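Participant: Have a look at this one before I ask anything.
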Ligand code: GLN
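In the numbering used here, the protein residues as written are 568 to 853.
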């Protein structure tokens, strides 16, 4: 391989090989995304220009991205964005990177909200704003409130809000319901931390670079889910919905917690692999 003046194709081949050796699940895709980012071109450009020589400055930038990816940094952090519900969202190490399972949570929540609803909606622990922003866009007649205890995450959410031109969203700093004394909502959604503290998943791969406070929740991962289920009745309108994302092995525990607090119409939603990932339930109001 001509290392002095590599073509795009040369760079991609070499990068994919190194990513593969470093244990990446998707070395070719990662290499293409990083080079596309360095060149400020879509991936399709790379196929048509594989024989072009990389300019030294572009090569330096692509190499720098590759080095950071080889350290294990998530691609979404290197790009500063991730697609969610077909929209580009800014993400940073201060926010969880939106995941496909959260689209299941969003879908379940949207099913409960008529398209012409004028409800008050709440997203707890909004992070990048993914759930709150998509609720606000998909249900423009609703007023959405979102809280997060991280000022840095809220700054990202605020920029996403501006970028998407969303005007029916209010962002508040504070722990869960803390900034919402006396306020009630027709639907509350949350993707809280739900990973068990000792789960080896937290020590491996990209997750290491995400905020631990957005992931880990006590010995069984249920601490925050339990807290939200206990506090939600005081903030729900009569018959209002609570929609929670949870781990694929937590549906039964969540079902028990909901029944203990007299939630009804409990409905669980599974991902494409058949694993339960989100649960909705109503409450008569606390
Ligand atoms: N699904 C995420 C993971 O396994 C966890 C997200 C969360 O705790 N809210 O990395």
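Note that the Cβ used here is the ideal one computed from N, Cα and C, for glycine as well.
Note that the coordinates shown come from a computational prediction; the quantities given were computed from them, not determined experimentally.
Which partner residues does residue 651 have in the DSSP bridge list?
Facilitator: 654
Participant: Just confirm the distance between the C-beta atoms of residue 812 and residue 845, as a whole number of angstroms; I'd bet it's less than 8 Å.
Facilitator: Rounded, the Cβ-Cβ distance is 5 Å, consistent with contact.
Participant: Just mark residue 579 as buried or exposed, buried being the case when its beta carbon has 16 or more other beta carbons within 10 Å.
Facilitator: buried
Participant: Quick one: what's got a C-beta closer than 6 Å to residue 756's C-beta in the same chain, skipping five residues either side?
Facilitator: Around residue 756: 676, 690, 698, 810.
Participant: Residues in the same chain with beta-carbon distance under 8 Å from residue 706, minus the five sequence neighbours each way, listed in chain order, please.
Facilitator: The answer, listed in chain order, is 677, 680, 682, 684, 686, 688.
Participant: At a cut-off of 7 Å, is residue 666 close to the ligand GLN when judged by its beta-carbon and the heavy atoms of the ligand?
Facilitator: yes
Participant: Does the Cβ-Cβ distance between residue 583 and residue 572 come in under 8 Å?
Facilitator: no
Participant: Between the C-alpha atoms of residue 750 and residue 765, what's the straight-line distance to the nearest angstrom?
Facilitator: The alpha-carbon atoms of residue 750 and residue 765 are separated by roughly 35 Å.
Participant: Which word fits residue 795, buried or exposed, when buried means at least 16 other C-beta atoms lie within 10 angstroms of its C-beta?
Facilitator: buried
Participant: Within the continuous beta strand (DSSP E) that includes residue 806, where are the two ends?
Facilitator: Going by DSSP, residue 806 is part of the beta strand (DSSP E) stretching over 803 to 812.
Participant: Taking 8 Å as the cut-off, does the segment 778 to 792 touch the segment 723 to 736 (at least 3 CB pairs, one atom from each stretch)?
Facilitator: no
Participant: To the nearest angstrom, how far is the alpha carbon of residue 611 from that of residue 759?
Facilitator: One alpha carbon belongs to residue 611, the other to residue 759, and they sit about 36 Å apart.
Participant: Can you tell me whether residue 756 is helix, strand or coil according to DSSP?
Facilitator: strand
Participant: Residue 806 and residue 851 - do their beta-carbons sit closer together than 8 Å?
Facilitator: yes
Participant: Suppose you measure from the CA of residue 649 to the CA of residue 814; what does that come to, to the nearest Å?
Facilitator: 21 Å
Participant: Do you know how far the Cα of residue 704 is from the Cα of residue 799?
Facilitator: 24 Å
Participant: The beta strand (DSSP E) with residue 835 in it runs from where to where?
Facilitator: Looking at the DSSP string, the run of the beta strand (DSSP E) that includes residue 835 is 831 to 837.
Participant: Could you give the DSSP three-state label for residue 843: helix, strand or coil?
Facilitator: strand
Participant: So for residue 693, helix, strand or coil by DSSP?
Facilitator: coil
Participant: Is the distance from the Cβ of residue 833 to the Cβ of residue 822 below 8 Å?
Facilitator: yes
Participant: Identify whether residue 762 lies in helix, strand or coil by the three-state DSSP scheme.
Facilitator: Under the three-state reduction of DSSP output, residue 762 falls in the strand class.
Participant: Considering only the beta carbon of each residue, do residue 736 and residue 711 sit closer than 8 Å?
Facilitator: yes
Participant: If I'm right that residue 617 touches residue 662 with Cβ under 8 Å, what's the distance once you round it to whole angstroms?
Facilitator: Not quite, the Cβ-Cβ distance comes to about 35 Å (not below 8 Å), so this is no contact.
Participant: What would DSSP say about residue 642, mapped onto helix, strand or coil?
Facilitator: Residue 642 falls in the helix class under three-state DSSP.
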